[in-house]
Amino acid sequence: MKIAILPGDGIGTEIVAQAVNVLGALDLRFEMETALVGGAAYEAHGHPLPESTLKLAMSADAVLFGAVGDWKYDKLDRPLRPEQAILGLRKHMGLFANFRPAICYEQLVGASSLKPELISGLDILIIRELTGDIYFGQPRGRRIATDGHFPGAEEAFDTMRYSKPEIERIAHVAFQAARKRNRKVTSVDKANVLETFQFWKDVVTEVHAQYPDVELEHMYVDNAAMQLVRAPKKFDVVVTGNMFGDILSDEASMLTGSIGMLPSASLNSKNQGLYEPSHGSAPDIAGKGIANPLATILSAAMMLRFSLNQEEAAQRIEAAVQRVLVQGLRTADIHSAGTTLVSTAEMGQAVVAAL
Ligand code: IPM
Ligand code: MG
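Converting from the sequence shown to our numbering requires adding 812 to each position, the first position being numbered 1.
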């Protein structure tokens, strides 16, 4: 089992170090190789996704990824910005299926900004299409407008597009995931306005014919954003495009108490995967040793489950995380009166001890 370790920038290095310790505490043998990515790789090699890093990632069974980005790179040309590393990995590895489970642990019900009764027992799964949509659609760029409201003015444009096979394969992923859960899929679109998402809705409906045992509901994205904070437990599996999924998954993270708790898995058709916390590099708290490593540790559990076929080890890690929460240990993002404030490293050590 070969794992590429790509810590990246900001808190990425701190949280990935803890996840690596947790993996090391299992009675399993891994080949782990670390490489630079994002701003760190730009500093060292002049590119956020150097050829050697991409090669390592492609040759591994799984990639454990931290986070990339820092405001200091915002002025670089877009192809050199840290975010291009994660977008490049998704594209080159074909990681079209992104799983972002939002589970509210009983001990963290009070850490959410929502009323406890709304989120207690919450367990939803957001499946975000990850290699298409306006994120990757061509053409894009800047030009002088020849039509529109201001012909002759400077303008910028991106292209929202989805092909039928792209929608079909993510719809299959969603229906199959729902079969292992509560058999309900909510497909989120903007079919009332966008051609792309009318097509999305039509194709998802067509694929649904193969899954009569799964309930399918369609919801406009603006309504979905509202329902997520109004009655989140009504969802089971949510499937949506790249752009809407980016936004809704951040929103959903707050239902769990903190984005510091939200793991993710991004898979291609060969079950090769990239595993990363759903949060970013948080440059404002980097180097302080206060970031929550649990999203990354839980991402490592997803890696064991989906790419390395080690279900038992995955469950052991998840149980260990549950245990440290029961013990009352909290990093700053989930800390509240009556619990014990711990550092990034202390949280990691506690998970290792619980294992
Ligand atoms: C995410 C992030 C990325 C995205 C950024 C860092 C490019 O926000 O994984 O959700 O927009 O997909
Ligand atoms: Mg995002």
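Ideal Cβ positions, reconstructed from N, Cα and C, are used throughout, including at glycine.
Next item on the list: Return yes when at least one heavy atom of the ligand MG lies under 7 Å from the C-beta of aspartate 1062, else no.
Entry: yes
Next item on the list: Measuring alpha carbon to alpha carbon, tell me which of Ala1125, Met1066, Arg1128 ends up nearest leucine 923.
Entry: The question names leucine, but residue 923 is alanine in the sequence shown. For the residues Ala1125, Met1066, Arg1128, the minimum Cα distance to alanine 923 belongs to Met1066.
Item checked: Beta-carbon contacts of alanine 968 that lie in its chain and below 6 Å, excluding the five residues immediately before and after -> Arg954
Check: How far does the beta strand (DSSP E) with leucine 1031 in it reach, from first residue to last?
Finding: What sits at residue 1031 in the sequence shown is methionine, not leucine. Where methionine 1031 is concerned, the enclosing beta strand (DSSP E) stretches over 1027-1032.
Margin query: Closer than 5 Å between the C-beta and any heavy atom of the ligand IPM: which residues qualify, listed along the chain?
Written below: Glu895, Asp1058
Next item on the list: Report the residue from Arg995, Ser864, Ile1109 whose alpha carbon sits nearest the alpha carbon of lysine 1046.
Entry: Arg995
Next item on the list: Check whether the Cβ atoms of phenylalanine 1056 and valine 1019 sit closer than 8 Å, and answer yes or no.
Entry: no
Item checked: Separation of lysine 1002 from threonine 1108, as counted between CA atoms -> 32 Å
Next item on the list: Drop a sphere of 10 angstroms on the beta-carbon of glutamine 988, count the other beta-carbons inside from all chains shown, and report buried for 16 or more, exposed for fewer.
Entry: exposed
Notebook entry, point to check: Hey, is the stretch 1103-1120 in contact with the stretch 936-953, meaning 3+ C-beta pairs nearer than 8 Å?
Noted result: no
Check: Can the beta-carbon of leucine 835 be found less than 8 Å from the beta-carbon of glutamine 1122?
Finding: no
Next item on the list: Compare the beta carbon distance of threonine 825 and valine 849 with 8 Å and say whether it is the shorter of the two.
Entry: no
Next item on the list: Could you say which of Gly1085, Gly964, Ser1111, Ile823 lies nearest to glycine 1101 if we only look at CA atoms?
Entry: Ile823
Next item on the list: Can you check the stretch 1084-1141 for any beta strand (DSSP E) of at least 3 residues that lies completely inside it and give the ranges in chain order?
Entry: 1085-1087
Note to self: Buried or exposed for arginine 1142, going by 16 or more other Cβ atoms inside 10 Å?
What the structure shows: buried
Next item on the list: Compare the C-alpha of methionine 1159 against each of Ala831, Met1114, Ile815, Leu920 and name the closest.
Entry: Ala831
Checklist line | Cα-Cα separation between valine 801 and glutamine 1161, rounded to whole angstroms | finding: Since the first residue shown for the chain is 813 and the last is 1167, residue 801 is missing from the structure and cannot be characterised.
Notebook entry, point to check: What residue ranges within the stretch 835-889 form continuous alpha helix (DSSP H) runs of no fewer than 4 residues, ordered along the chain?
Noted result: 851-857, 863-871
Item checked: DSSP-derived helix/strand/coil call for glycine 900 -> helix
Check: Is the beta carbon of leucine 876 sitting closer than 8 Å to the one on isoleucine 827?
Finding: no
Item checked: Paired residues, beta bridge with threonine 825 - DSSP -> Beta-bridge pairing links threonine 825 to no other residue.
Check: arginine 902: which of Gly1140, Ile956, Leu1086, Lys992 sits nearest, CA to CA?
Finding: Leu1086
Next item on the list: Count the other CB atoms, across all protein chains shown, that sit within 10 Å of the CB of methionine 905; report buried if there are 16 or more and exposed otherwise.
Entry: buried
Next item on the list: Evaluate the contact criterion for the stretch 906-914 versus the stretch 1077-1085: three or more CB pairs, one atom per stretch, below 8 Å.
Entry: yes
Notebook entry, point to check: DSSP state of valine 1154, grouped into three classes?
Noted result: coil
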